[in-house]
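Peer 1: Each residue of the sequence shown is one higher than the one before, starting from 1 at the first, in this note's numbering.
Have a look at this one.
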Amino acid sequence: MSGVDPPEMPPAADEPRVLTYGLWTNKGGVGKTTLTFHLSSLYAHLHPEQRVVLLDMCPQANLSHTVLNSTLRRGSAVAAELQAGGGPAELSRTVAGYLHSVLAHPAYSRDEIIESGFLTRLGDEGVNHRMPTNMWLLCGDPALDDMNSKLHQQLYAPQYQGVAGGPAAARRDGFYNLLHTMRTFFKNLSREPEWRDQQIVVFVDTNPAFTEYTQLALCTIDKLIVPVNADDFSLQAVDLMFSRVWNLFESEGMFAEYRRGNFAPQAYQRCPDLLPKLAVVVHNRHNVYNTRATSGFQFLHQEQGWRVYQAFVAAFARTGQDERAPPVFVDKGLPNPNQFPTLYTATVREMFSAGVAAAYTGVPLHKVLICRAYIEGAFNGSKIIQREPVKKLLLDLLKVLSLATDDPSLQRVNAERLCSVAGVGHVGILVGPLGMNETEAAYDAARQAAVEAQGANAAAVAAAAAAAEAALGQVAQPESDYYQDALSQDGLSDMHGPPSDDEDDAGPSNGAEPADAAGPSNGQRMQRTHSRN
Numbered sequence: 001m002s003g004v005d006p007p008e009m010p011p012a013a014d015e016p017r018v019l020t021y022g023l024w025t026n027k028g029g030v031g032k033t034t035l036t037f038h039l040s041s042l043y044a045h046l047h048p049e050q051r052v053v054l055l056d057m058c059p060q061a062n063l064s065h066t067v068l069n070s071t072l073r074r075g076s077a078v079a080a081e082l083q084a085g086g087g088p089a090e091l092s093r094t095v096a097g098y099l100h101s102v103l104a105h106p107a108y109s110r111d112e113i114i115e116s117g118f119l120t121r122l123g124d125e126g127v128n129h130r131m132p133t134n135m136w137l138l139c140g141d142p143a144l145d146d147m148n149s150k151l152h153q154q155l156y157a158p159q160y161q162g163v164a165g166g167p168a169a170a171r172r173d174g175f176y177n178l179l180h181t182m183r184t185f186f187k188n189l190s191r192e193p194e195w196r197d198q199q200i201v202v203f204v205d206t207n208p209a210f211t212e213y214t215q216l217a218l219c220t221i222d223k224l225i226v227p228v229n230a231d232d233f234s235l236q237a238v239d240l241m242f243s244r245v246w247n248l249f250e251s252e253g254m255f256a257e258y259r260r261g262n263f264a265p266q267a268y269q270r271c272p273d274l275l276p277k278l279a280v281v282v283h284n285r286h287n288v289y290n291t292r293a294t295s296g297f298q299f300l301h302q303e304q305g306w307r308v309y310q311a312f313v314a315a316f317a318r319t320g321q322d323e324r325a326p327p328v329f330v331d332k333g334l335p336n337p338n339q340f341p342t343l344y345t346a347t348v349r350e351m352f353s354a355g356v357a358a359a360y361t362g363v364p365l366h367k368v369l370i371c372r373a374y375i376e377g378a379f380n381g382s383k384i385i386q387r388e389p390v391k392k393l394l395l396d397l398l399k400v401l402s403l404a405t406d407d408p409s410l411q412r413v414n415a416e417r418l419c420s421v422a423g424v425g426h427v428g429i430l431v432g433p434l435g436m437n438e439t440e441a442a443y444d445a446a447r448q449a450a451v452e453a454q455g456a457n458a459a460a461v462a463a464a465a466a467a468a469e470a471a472l473g474q475v476a477q478p479e480s481d482y483y484q485d486a487l488s489q490d491g492l493s494d495m496h497g498p499p500s501d502d503e504d505d506a507g508p509s510n511g512a513e514p515a516d517a518a519g520p521s522n523g524q525r526m527q528r529t530h531s532r533n
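Structure below.
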């Protein structure tokens, strides 16, 4: 087991909790890396008293390249140096370097491996000083692809199959221990003298492929953020996600025998406590123009929300049938169908030039306006940064963070003030006037429903779960005719691109409300669409 089970440091008194957020969808091109960059840097800016660590679990290392960018060097060159060495025991100063210290036989000793030695601090003059100074990076590495077969061998080694005896035995299981590897990394990090009294928050970027290193990444995440686009491929990815990670919606059939050895059924039995909980589904790259095609895209967003709500009901029903079943969703109470989209879905509009420019130059979105001259200089002086679209994007990102962190007050952060503060921007000095928003009201109602249900006994809970599952079958799914009508009659030809610079004052993206802003809320639209009998 020495090549699988990483050693842990002795526990410290009053050990602070390490909280991990991560982004994953079983589909490429949905904006995982860009969102990870913007969400993590915004979170760090709003919480200067915490230490934020980026864990790049994608072999392409695009997140690392982005955050390592500086006026002096491209991030890819800095990442190449980290991948070449410089870490503890002359290992690569990357996630692959740390994993090698665990997988190597014999494993490296505890004295040789100091977790903080694998991290690179951001915000310094030599490493992208525009990033918040309370951020660190565990760099990505192409070697993750090379290590995947070794990870597979260790995860699914026959001698570790079918371990019985409860949690203690599970922790001697190679499957459990290997999937716990990065949690051990952060646990040991939190016990180092310079990190011992710090609150550590981790943001994980992932690869869309469901490889063994992606499974390792998922088992490191506490709260999962799922970006999707308005297309049928994202719909399929959402369905696959629930079956591949949480073993939902699996049925017996000719291929059932093959599935039994896969990740989801094995994790369900052997490490349910390591599985992430879904916090929010992000409808990314949403277009705010009022066209027939846009109506079709909005319908697809509603369809995705409906699929997620079906999974919510199925997971609730399974909990009533099997008390060992791992939770699939972050506990936000018992929302009804009208409240569910408000608590578990968010929209991020199309970023156009602002998002591309920010990622290319490594400038967090909240600093884009302050660093406008630098960014536009990198694009040969093109006027690509507009104030109002940037503020609207920040409000979208704050909504995502509020749902991921269960902190609705983040939606009251003043975007204008956020853009104007060059230094740290603690939440307390950026929030607007007090007042309950839609999300806070939905939280209150859902949690009150959960409190009222707490007195129910196991039989009542099981009955409620069965009733919820039965009721789901009586609610009509979205009507496909709506989708066909919305995209017919050359609807796609009406889709506009980003407004040009000289349209800043008149274009819809310049501070104008989205086309559906005056219409019903997300929850009302879902209720209206899915409550037809």
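Idealized CB from N, CA, C, for every residue including glycine.
No experiment lies behind these values; they were computed from the predicted model shown.
(1) According to the neighbour-count rule (16 or more other Cβ atoms, all chains shown, within 10 Å of its Cβ), is asparagine 336 buried or exposed?
(2) Per DSSP, which one or two residues make a beta bridge with valine 18?
(3) Which residues bound the alpha helix (DSSP H) around aspartate 239?
(4) Just the C-alpha distance for proline 498 and valine 201, rounded to the nearest angstrom, thanks.
(5) Between the stretch 363 to 372 and the stretch 128 to 139, do three or more beta carbon pairs fall short of 8 Å?
(6) Whole angstroms are fine: how far does the CA of glycine 117 sit from the CA of lysine 392?
(7) Please name the residue in Arg417, Phe242, Gly333 whose C-alpha comes closest to that of proline 276.
(8) Leaving out the 5 sequence neighbours to the left and right, which residues in its chain are closer than 6 Å to alanine 450 when beta-carbon positions are compared?
(9) Name the DSSP beta bridge partners of cysteine 139, please?
(10) Enumerate in chain order the residues of its own chain whose CB-to-CB distance from alanine 534 is below 7 Å, with the five nearest sequence positions on each side excluded.
(11) Lysine 277 by DSSP, collapsed to three states: which one?
(12) For asparagine 229 and valine 30, what's the separation of their Cα atoms in angstroms?
(13) Which of the three DSSP states is assigned to glycine 75 in this structure?
(14) With C-beta atoms as the reference, is histidine 100 less than 8 Å away from leucine 91?
(15) Give the DSSP-derived three-state secondary structure of histidine 180 in the structure shown.
(16) Count Cβ pairs between the stretch 50 to 68 and the stretch 193 to 212 that sit closer than 8 Å; are there 3 or more?
(17) Can you give me the C-alpha to C-alpha distance between asparagine 69 and leucine 55, rounded to a whole angstrom?
(18) Should leucine 72 be labelled buried (16 or more other beta-carbon atoms within 10 Å of its own) or exposed?
(19) Return yes when the Cβ of tyrosine 21 is within less than 8 Å of the Cβ of alanine 221, no when it is not.
(20) Along the beta strand (DSSP E) that carries threonine 347, what are the first and last residues, could you check?
(21) Pick out whichever of Cys58, Val226, Ile385 has its Cα sitting closest to the Cα of threonine 25.
(22) Which class does proline 193 belong to by DSSP, given the choice of helix, strand or coil?
(23) Look at the alpha carbon of leucine 369 and the alpha carbon of glycine 355, and state the distance between them as a whole number of angstroms.
(24) Tell me, to the nearest whole angstrom, how far the beta carbon of threonine 405 is from that of threonine 342; I am working on the premise that it is less than 8 Å.
(25) Hey, methionine 147 and tyrosine 213 are a contact pair by Cβ (cut 8 Å); roughly how many whole angstroms apart?
(26) Three-state secondary structure (DSSP) at isoleucine 375?
(27) So what's aspartate 396 in DSSP terms, helix, strand or just coil?
(28) By Cβ distance below 7 Å, which residues in the same chain neighbour tryptophan 245 in space, the five residues on each side in sequence not counted?
(29) Here's the rule: buried if 16 or more other CB atoms are within 10 angstroms of the residue's CB, otherwise exposed. What is leucine 492?
(30) Do you know offhand how far leucine 103's Cα is from proline 408's?
(31) Rounded to whole angstroms, what is the Cα-Cα separation between glutamine 484 and leucine 401?
(32) Any idea if aspartate 273 is buried or exposed, counting beta-carbon neighbours within 10 angstroms, 16 or more meaning buried?
(33) Which class does glycine 616 belong to by DSSP, given the choice of helix, strand or coil?
(34) Could you spell out where the beta strand (DSSP E) holding proline 227 opens and where it closes?
(35) Tell me the rounded alpha-carbon separation between glutamine 236 and leucine 403.
Peer 2: Once the coordinates are examined:
(1) exposed
(2) Ile200
(3) 232 to 246
(4) Any answer about proline 498 is weak, because its pLDDT of 40 lies below 50 and its placement is not dependable; what the coordinates show is given next. Cα to Cα, proline 498 sits roughly 35 Å from valine 201.
(5) yes
(6) 38 Å
(7) Phe242
(8) Gly333, Leu334
(9) Thr94
(10) Because the chain spans 1 through 533 in this model, residue 534 falls outside it and cannot be assessed.
(11) strand
(12) 6 Å
(13) helix
(14) yes
(15) coil
(16) yes
(17) 17 Å
(18) exposed
(19) Position check: residue 221 holds isoleucine in this sequence, whereas alanine was assumed. Yes; because the gap between Cβ atoms is below 8 Å, this pair is in contact.
(20) 345 to 349
(21) Val226
(22) coil
(23) 12 Å
(24) Their Cβ separation, rounded to whole angstroms, is 16 Å, which puts threonine 405 and threonine 342 out of contact at 8 Å.
(25) 7 Å
(26) helix
(27) helix
(28) Note that residue 245 is valine in the sequence shown, not tryptophan. Result list for valine 245: Leu218, Ala264, Leu275, in chain order.
(29) With a pLDDT of only 29 at leucine 492, under 50, the local geometry of the prediction cannot be trusted, and no value is derived from it.
(30) 41 Å
(31) Summary for glutamine 484: the model assigns pLDDT 36, below 50, so the residue's position carries little reliability; its value from the coordinates is reported in the next sentence. So the alpha carbons of these two residues sit roughly 34 Å apart.
(32) exposed
(33) Past the boundaries of the shown model lies residue 616; the chain is included only from 1 to 533, so the question cannot be answered.
(34) 223 to 228
(35) 24 Å
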